[in-house]
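Numbering (our numbering), first residue to last: 231 to 368.
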Amino acid sequence: MVRAAGALLGVCGLASVGRGGYRRILMSDRSVLLVKLLASDDEDAPATAADAVALGSAREVKDLLAQFNMSEDGSAEGAGMLYGPGIIATMPMVGPDDPVMQLLVTMQEEDMAWAVLPRVCRALGWKMMDPRTGRTFG
231 MVRAAGALLG VCGLASVGRG GYRRILMSDR SVLLVKLLAS DDEDAPATAA DAVALGSARE
291 VKDLLAQFNM SEDGSAEGAG MLYGPGIIAT MPMVGPDDPV MQLLVTMQEE DMAWAVLPRV
351 CRALGWKMMD PRTGRTFG
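So this is what it looks like as C-alpha cells:
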C-alpha cells in the first residue's frame with residue numbers, strides 16, 4: 231500500500247518531505263524554451279516576446295537539430311518530439327513548411343543536456359529562455 235501511494239504521488243508531481251508531509255515538484259525547473267531574438271540596439275533593454283523571430287520552418291528546425299544528434303524516434307506517437315542527448319524537444323503542431331517560433335526542451339539528464347544546449351544556441355544563434363521568468367541566456 232505504501233509503495234503504491236508513493237508511486238501515485240510521483241505521478242501527481244508530489245514528493246515526500248518527512249513524516250506525512252508532501253510538497254509539489256515543479257516540473258518547469260527542468261525545462262527551457264529555445265527562441266531566436268532580433269538583435270537590439272539597446273544592449274541594456276531586456277528581450278521580450280516582441281523581439282522573437284522564427285527559428286525556421288519545422289522541416290528546417292529538424293534538419294538543423296539533426297547536427298546535434300536530435301531527431302524523432304520514428305513512431306507515430308512520437309511525431310513532433312525530438313530526442314537528443316539528455317533532452318526531449320517538443321515541436322509545435324504545425325505543418326512541415328510552417329514557421330516554428332519556439333521549442334520547449336525538457337531535460338531528462340541535466341548533465342548531458344547542459345553540455346548540448348549551449349552548443350546548439352551558439353551554433354544556431356538561438357537563446358534559451360526560462361519559461362517561468364522570461365529571462366534569456368545562452
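In this text, a Cβ means the ideal position worked out from N, Cα and C, and glycines have one as well.
Under the three-state reduction of DSSP, residue 268 is assigned to coil, being neither helix nor strand. Beta-bridge partners assigned by DSSP to residue 324: none are found.
With contacts defined by Cβ atoms closer than 8 angstroms, residue 316 and residue 291 do not form a contacting pair. Scanning the segment 311 to 356 from its first residue to its last, the whole beta strand (DSSP E) runs of 3-plus residues come out as 311 to 314, 317 to 320 and 333 to 337.
CA-to-CA, the gap between residue 338 and residue 318 works out to about 7 angstroms. Distance between residue 288 and residue 328, taken at the CA atoms: about 6 angstroms. The shortest C-alpha to C-alpha distance from residue 335 to any of 320, 286, 365 and 348 is the one to 320. Selection 351, 260 and 330 evaluated against residue 310 yields 330 as nearest (Cα-Cα). In chain order, 298 place their CB closer than 6 angstroms to the CB of residue 350, counting only its own chain and leaving out the 5 sequence neighbours on each side. Residue 261 and residue 361 have their alpha carbons spaced roughly 7 angstroms apart.
Annotation: residue 285 is outside any alpha helix (DSSP H) and is labelled neither H nor E by DSSP. Taking residue 303 as the centre and dropping the five residues before and after it, the same chain places the C-beta of 311 and 313 closer than 8 angstroms to its C-beta, in chain order.
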